[in-house]
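Below is one structure, written out as structure tokens, with a few remarks after it.
In our numbering, the protein residues as written are 499 to 710.
Laid out in structure tokens, this is it:
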């Protein structure tokens, strides 16, 4: 029995989100404005077959395939939105399920820190892959479940507000996103994320992840 945790289509990758996905990618990096699909399943080992199916049946490019003990994740992209949607259809057909079998995204935690202190900025900067934080900026830290939806949240935030992406992690037990900018822009980004994640249909999400 497959547990479809995430299946989300990103229509047009924004510049910073593209760079963040590419930075952590061990596959073939996406380009700006491409269409993207993120899928996460349990048990994770089945993602190997999924990758094989979509590469043989559609013209998409894999950016990352991650097989963990509990979950398997795949990011793929293409210049053609139709191809990305066809890949999603192939995945659903293989598993014999509908799109609404996926979990709804859930915001587990959201913190906004105004007037960030120098020392805290330094701590975060030591373990990030995106923009540098500087003192007195406003910082948004988001944790979502399942993890894959963090990429969608990141892209929608970048569309809606003039923010900097400090870090993005969309694989694992939970997804995490760090954004910085002015207080006004961060509040705008937070609203965009809430609206975007709330618009995703699926089955009810109790917010439970397997313990590694």
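For glycine and all other residues, C-beta sits at the position ideal for the given N, C-alpha and C. Every value quoted in this text rests on a predicted model; they were computed, and no experiment measured them.
Following the continuous alpha helix (DSSP H) through residue i, name the residue where it begins and the one where it ends.
{"i": "residue 591", "result": "579-593"}
{"i": "residue 621", "result": "616-623"}
Using the rule of at least 16 other Cβ atoms within 10 Å of the residue's Cβ for burial, across every protein chain shown, is residue i buried or exposed?
{"i": "residue 570", "result": "buried"}
{"i": "residue 706", "result": "exposed"}
{"i": "residue 693", "result": "exposed"}
{"i": "residue 654", "result": "buried"}
{"i": "residue 512", "result": "buried"}
{"i": "residue 538", "result": "buried"}
{"i": "residue 624", "result": "exposed"}
{"i": "residue 628", "result": "buried"}
{"i": "residue 503", "result": "buried"}
{"i": "residue 704", "result": "exposed"}
{"i": "residue 514", "result": "buried"}
{"i": "residue 695", "result": "buried"}
{"i": "residue 710", "result": "Because the pLDDT at residue 710 is just 45, under 50, the model does not fix this residue reliably, and the value given afterwards should be weighed accordingly. When all chains shown are included, residue 710 counts as exposed."}
Ends of the beta strand (DSSP E) at residue i?
{"i": "residue 610", "result": "604-611"}
{"i": "residue 570", "result": "570-576"}
{"i": "residue 601", "result": "Per DSSP, residue 601 belongs to no beta strand (DSSP E) and is neither H nor E."}
{"i": "residue 637", "result": "636-643"}
Can you check which of these residues, the options, is closest to residue i by C-alpha distance?
{"i": "residue 549", "options": "529, 514 and 593", "result": "593"}
{"i": "residue 630", "options": "691, 507, 644 and 679", "result": "679"}
{"i": "residue 564", "options": "576, 547 and 577", "result": "547"}
{"i": "residue 685", "options": "640, 528, 591 and 647", "result": "640"}
{"i": "residue 650", "options": "500, 501 and 509", "result": "509"}
{"i": "residue 551", "options": "621, 589 and 645", "result": "589"}
For the region 659-704, which segments carrying the beta strand (DSSP E) assignment without a break, of at least 3 residues, lie completely within its bounds, in sequence order?
662-667 and 673-679
For the structure I just gave you, are there three or more beta carbon pairs, one from the region 606-613 and one from the region 652-668, closer than 8 Å?
no
Any 3 or more C-beta pairs closer than 8 Å across the region 588-603 and the region 625-637:
No contact exists between the region 588-603 and the region 625-637.
Jot down the residue ranges of each uninterrupted beta strand (DSSP E) in the region 502-558, minimum 3 residues, whole runs only, in chain order.
533-540
How about the region 558-578 and the region 532-548: do they share at least three Cβ pairs that are nearer than 8 Å?
yes
With three or more beta-carbon pairs closer than 8 Å as the criterion, would you say the region 547-559 touches the region 582-597?
yes
Three-pair Cβ contact test at 8 Å for the region 502-521 versus the region 531-538
yes
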